[in-house]
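Engineer:
Number of protein chains: 2
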Amino acid sequence: MPKITLKKIAAILGISPATVSKALKDYPDISNDTKIKVKALAESLNYKPNSFAQSLRNQESKIIGLIIPKIVHHFFSNIINGVIDAASNKGYLVITLQSHESYEQEKDQINSLIEKNVDGILISLSDHTVNYKHINAIIEKGVPVVLYDRTSKLVNCSKVIINDRKAGYEATKYLIETGCRKIAHIRGPLKPQTTIDRFMGYKNALKEHDLPYDKNLVFETEHLSFEDGFEVAEEIAKHRHDIDGVFSTTDLLATGVMVKLQQKGIKVPDDISIMGFSNWFLTKITTPTLSTIDQPGYEMGRKTFDLLYDELCQIKNGESVSHEVVEIATRVVPRNSTKFIES
Amino acid sequence: MPKITLKKIAAILGISPATVSKALKDYPDISNDTKIKVKALAESLNYKPNSFAQSLRNQESKIIGLIIPKIVHHFFSNIINGVIDAASNKGYLVITLQSHESYEQEKDQINSLIEKNVDGILISLSDHTVNYKHINAIIEKGVPVVLYDRTSKLVNCSKVIINDRKAGYEATKYLIETGCRKIAHIRGPLKPQTTIDRFMGYKNALKEHDLPYDKNLVFETEHLSFEDGFEVAEEIAKHRHDIDGVFSTTDLLATGVMVKLQQKGIKVPDDISIMGFSNWFLTKITTPTLSTIDQPGYEMGRKTFDLLYDELCQIKNGESVSHEVVEIATRVVPRNSTKFIES
DNA sequence: AATAACCACGAAAACGTTTTCGCTAATTCC
DNA sequence: GGAATTAGCGAAAACGTTTTCGTGGTTATT
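Taken in sequence, the protein lines are chains V and E. Per my numbering, residue 2 is the first one in the first sequence, and the count goes up by one each step. Per my numbering, residue 2 is the first one in the second sequence, and the count goes up by one each step.
Structure follows, in structure tokens:
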């Protein structure tokens with residue numbers, strides 16, 4: 002089954018490939034007669050242009066790259082989802098790679114994508130990425146980059162983020178409004194900027210509501226696992242019966258805390274309210290269901306692609322490219338691990 | 002920053018592009034001197050071959066397509082993970098698309114991938130796909146296809162599957178071995194082949210252990226949701242106190258059943274044992290943790306790519322392509338929603 | 001009737017790489 | 001020393017598309 006090309010159509014019709022190409026694209030200098038003939042034949046032969054040839058000629062692939070720290074993760078798979086949907090709408094396909102939180106892999110993968118001549122790259126920085134040369138290098142090469150979720154001020158490009166500080170503030174505020182006065186914060190590992198910001202939000206909320214900040218109420222954990230939550234819960238159950246609310250930097254940690262607290266006979270939310278972060282799937286199936294902050298991955302994914310698409314259009318039109326930083330709104334999702342607001 | 006090409010390297014060195022190309026690929030008819038010179042310059046100029054030109058010339062893209070029914074799903078995101086990892090190992094990149102369980106979208110997406118000249122396509126059939134012309138059509142065109150998880154006998158290609166019947170058998174057998182005698186089965190919607198097979202396995206296990214099959218013990222649900230599990234649990238709690246085990250076709254359903262049963266005062270596993278299916282993430286965080294069947298998505302993803310890669314190699318070597326059907330082993334994951342085996 | 005305008009099309013170059021084939025000059029062989 | 005081999009390189013075509021520029025012929029303008 003030989004591939005059917007412009008040349009062959011031209012040969013059959015006894016005209017030149019140039020005319021066929023132009024007829025198919027409705028160039029004004031081709032007569033209606035020829036256009037109709039060409040289109041009919043192309044249709045009946047089921048002609049599809051060879052994308053390599055097009056890309057080679059037009060210097061664009063209509064493919065973008067997406068680098069994700071971890072695919073198997075509710076938030077990130079929602080991002081993928083959003084990116085792919087938005088991209089297909091505009092005729093772009095998406096090559097996905099995961100950095101596994103490794104700086105080296107992140108570099109390699111950016112290279113692979115560049116070598117495949119993708120039209121642009123969407124990246125969420127790995128937790129172990131400490132310098133940004135590799136990102137800035139490709140931006141200077143003229144390949145548009147948009148950063149999402151895990152970004153850096155040291156990279157000059159468009160970004161899609163959530164306001165972790167505000168979200169942390171809202172989460173804490175909600176606990177306060179539902180009657181909590183002694184609120185613990187589980188911040189997880191010290192380093193990532195997101196957890197730092199959420200912690201700042203927590204402090205702000207306390208301050209604005211005239212509650213004292215007590216650093217003994219802040220728990221660090223090595224990872225963000227379910228089991229790490231157990232340890233914190235044990236500590237609370239043993240020594241800190243004054244605590245009446247917990248704001249955790251992650252749903253999974255929060256769930257661990259909640260499960261273990263209940264095993265220790267502490268009632269949620271009657272004795273202690275619990276607030277998670279991200280609105281993962283699991284929050285809907287815990288007992289009680291977990292109140293949390295919705296971090297809308299799908300919407301972020303869509304928006305991230307949209308920003309890239311804007312740049313792509315600007316480049317194509319020869320306009321100067323403008324960078325944009327878009328903040329996606331989070332919101333408190335009240336469920337049953339917190340009390341109701343007394344009104 | 003002008004792109005650096007073979008021609009330019011040739012011009013700088015005062016030799017022909019052909020020689021440069023051959024030098025970089027270690028052709029035997031190029032002298033060592035020239036090879037060294039060419040490689041050094043290419044290195045220092047950071048030369049990267051233009052992938053479009055290569056693809057156009059070599060008729061291969063080193064890109065494969067992956068069609069997934071739903072990305073945001075623990076099992077399927079593990080598949081993606083496996084496919085991407087295995088593919089990068091061999092220098093292939095992966096374009097992912099999701100069919101959203103729609104036949105129309107599945108067709109469109111296969112088309113998009115074909116138009117991008119991917120070297121092969123991995124597909125899990127959407128639940129609403131009822132004929133396979135679109136798949137068979139591209140196979141006849143010579144584009145290798147491998148089906149995974151949701152396959153069909155009507156498509157002649159390599160496949161990666163789990164043995165749902167055997168898995169259903171093992172799950173039920175495990176319940177029997179841990180002392181259950183009146184085992185209910187929640188099979189979910191009637192149609193999908195997977196649930197049919199799991200149901201057959203359930204029946205087989207009963208038969209082989211001389212337990213009567215009672216169709217009143219088989220529950221259908223409209224969807225596979227958490228809430229659908231509630232309804233079944235209500236029914237059991239109200240009318241079927243003789244039931245001492247439940248095998249659910251899905252972890253989520255099982256979790257719904259378990260949560261609601263416990264709310265009704267029924268002890269898990271003391272009064273009723275519960276067995277899920279898939280080993281999703283959530284099974285590790287329920288109370289009690291959910292016994293289940295491990296359906297290894299990552300491994301399936303890897304194997305699926307491997308089969309495609311085999312075909313690609315065969316084609317390249319001019320060998321005749323052979324199809325293979327690989328069965329990935331499942332296993333019982335004993336947790337705390339079932340009793341221990343008395344030994 | 002001469003000039004201008006316009007219509008419909010094609011030739012050719014370009015995108016960058018790969019590979020076949022042929023050529024020259026140097027080496028080997030008898 | 002002549003013939004045969006070999007080593008090292010390049011010309012050129014090919015992959016399929018796009019677009020600029022030009023051309024020949026027709027129609028409209030004075």
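Glycine residues also receive a C-beta, built at the ideal position from the N, C-alpha and C atoms. A quick note: this is a predicted structure, and the numbers were derived from the prediction, not measured.
Per DSSP, E:H186 is paired with what?
Structural biologist: Partner(s): E:V219 and E:F248.
Engineer: What residues from chain E crowd round V:A54, counting only those whose CB sits closer than 7 Å?
Structural biologist: L57
Engineer: Let me check one thing: in DSSP terms, what residues is V:E141 bridge-paired to?
Structural biologist: For V:E141, DSSP records no beta bridge to any residue.
Engineer: With DSSP collapsed to three states, give me the class of V:D272.
Structural biologist: coil
Engineer: Give me, in chain order, the residues of the same chain whose beta-carbon lies closer than 7 Å to that of E:Q263; leave out the 5 immediate sequence neighbours on both sides.
Structural biologist: The residues are V269.
Engineer: Which residues bound the beta strand (DSSP E) around V:R151?
Structural biologist: Taken as a continuous stretch (DSSP letters only), V:R151 belongs to no beta strand (DSSP E), as it is neither H nor E.
Engineer: Along the stretch 109-135 of chain V, where does the CB come closer than 7 Å to a CB of chain E? Name the residues.
Structural biologist: S113, E116, K117 and N118
Engineer: Between which two residues does the alpha helix (DSSP H) containing V:S22 stretch?
Structural biologist: P18 to L25
Engineer: Return the residue from the list V:N47, V:I80 and V:D27 that minimises the CA-CA distance to V:P3.
Structural biologist: V:N47
Engineer: Hey, E:I294 and E:V334: beta-carbon distance below 8 Å or not?
Structural biologist: Result yes, Cβ atoms of E:I294 and E:V334 sit closer than 8 Å.
Engineer: What's the call for E:P50, buried or exposed, on a 16-neighbour Cβ count within 10 Å?
Structural biologist: exposed
Engineer: Would you give the residue range spanned by the alpha helix (DSSP H) that E:I81 belongs to?
Structural biologist: H75 to N90
Engineer: Could you compute how far the alpha carbon of V:Q106 sits from the alpha carbon of V:L67?
Structural biologist: 13 Å
Engineer: Going by the DSSP bridge assignment, what does E:V95 pair with across the sheet?
Structural biologist: E:I65
Engineer: Can you say whether V:G266 is buried or exposed, counting buried as having 16 or more other CB atoms within 10 angstroms of its CB?
Structural biologist: exposed
Engineer: Short of 8 Å in beta carbon distance, which residues of its chain neighbour V:D128, apart from the five on each side in sequence? Order them along the chain.
Structural biologist: P70, E102, R151, K192 and P193
Engineer: Closer than 8 Å by C-beta to V:T331: which residues in its own chain qualify, once you throw out the five before and the five after it? Chain order, please.
Structural biologist: I163, N164, K167, A168, E171, I294, D295, Q296 and P297
Engineer: For the structure I just gave you, are there three or more beta carbon pairs, one from the stretch 226-234 of chain E and one from the stretch 203-210 of chain E, closer than 8 Å?
Structural biologist: no
Engineer: Let me see if you follow: with CB-CB separation under 8 Å, is E:V269 close to chain V or not?
Structural biologist: no
Engineer: Confirm, please, whether the CB-CB distance from V:L57 to E:A54 is below 8 Å.
Structural biologist: yes
Engineer: How about E:L218 and E:R182: do their beta carbons lie closer than 8 Å?
Structural biologist: no
Engineer: With respect to the beta strand (DSSP E) encompassing V:G121, which residues constitute its N-terminal and C-terminal limits?
Structural biologist: G121 to I124
Engineer: Taking the alpha carbon of V:G15 as the point to measure from, which residue in V:N33, V:L42 and V:P145 has its own alpha carbon closest?
Structural biologist: Residue V:L42 holds the alpha-carbon nearest to the alpha-carbon of V:G15 among V:N33, V:L42 and V:P145.
Engineer: So if I threshold CB-CB distances at 7 Å, which residues from the stretch 311-335 of chain E count as touching chain V?
Structural biologist: none
Engineer: So, with DSSP's three-state summary, where would you put E:I136?
Structural biologist: Helix at E:I136.
Engineer: Roughly how many whole angstroms lie between the Cα atoms of V:L98 and V:Y104?
Structural biologist: Approximately 13 Å between the Cα atoms of the pair.
Engineer: According to DSSP, is V:V322 part of a helix, a strand, or is it coil?
Structural biologist: coil
Engineer: When DSSP builds the beta bridges, which residues end up paired with E:D295?
Structural biologist: E:S279 and E:R332
Engineer: Flag this pair as yes or no: are the beta carbons of E:I122 and E:V144 separated by less than 8 Å?
Structural biologist: yes
Engineer: Within the same chain, show all residues whose beta-carbon is closer than 7 Å to that of V:K304, passing over the 5 residues directly before and after it, in chain order.
Structural biologist: V161, V327 and I329
Engineer: Please classify E:K1: does DSSP put it in a helix, a strand, or coil?
Structural biologist: Because residue 1 of chain E is not part of the residues shown, which for chain E are 2 to 344, the question remains open.
Engineer: Give me the DSSP bridge partner(s) of V:V131.
Structural biologist: BP columns for V:V131 are empty, so no partner.
Engineer: Kindly list the residues whose CB is nearer than 7 Å to the CB of E:I115, restricted to its own chain and excluding five residues on each side of it in sequence; keep chain order.
Structural biologist: I139 and V144
Engineer: Return yes when the Cβ of V:T179 is within less than 8 Å of the Cβ of V:F278, no when it is not.
Structural biologist: no
Engineer: Could you give the first and the last residue of the continuous alpha helix (DSSP H) run that contains V:F231?
Structural biologist: F227 to H240
Engineer: Should V:I359 go down as buried or exposed, given a rule of 16 or more other Cβ atoms within 10 Å for buried?
Structural biologist: Missing from the structure shown is residue 359 of chain V; chain V here goes from 2 to 344 and no further.
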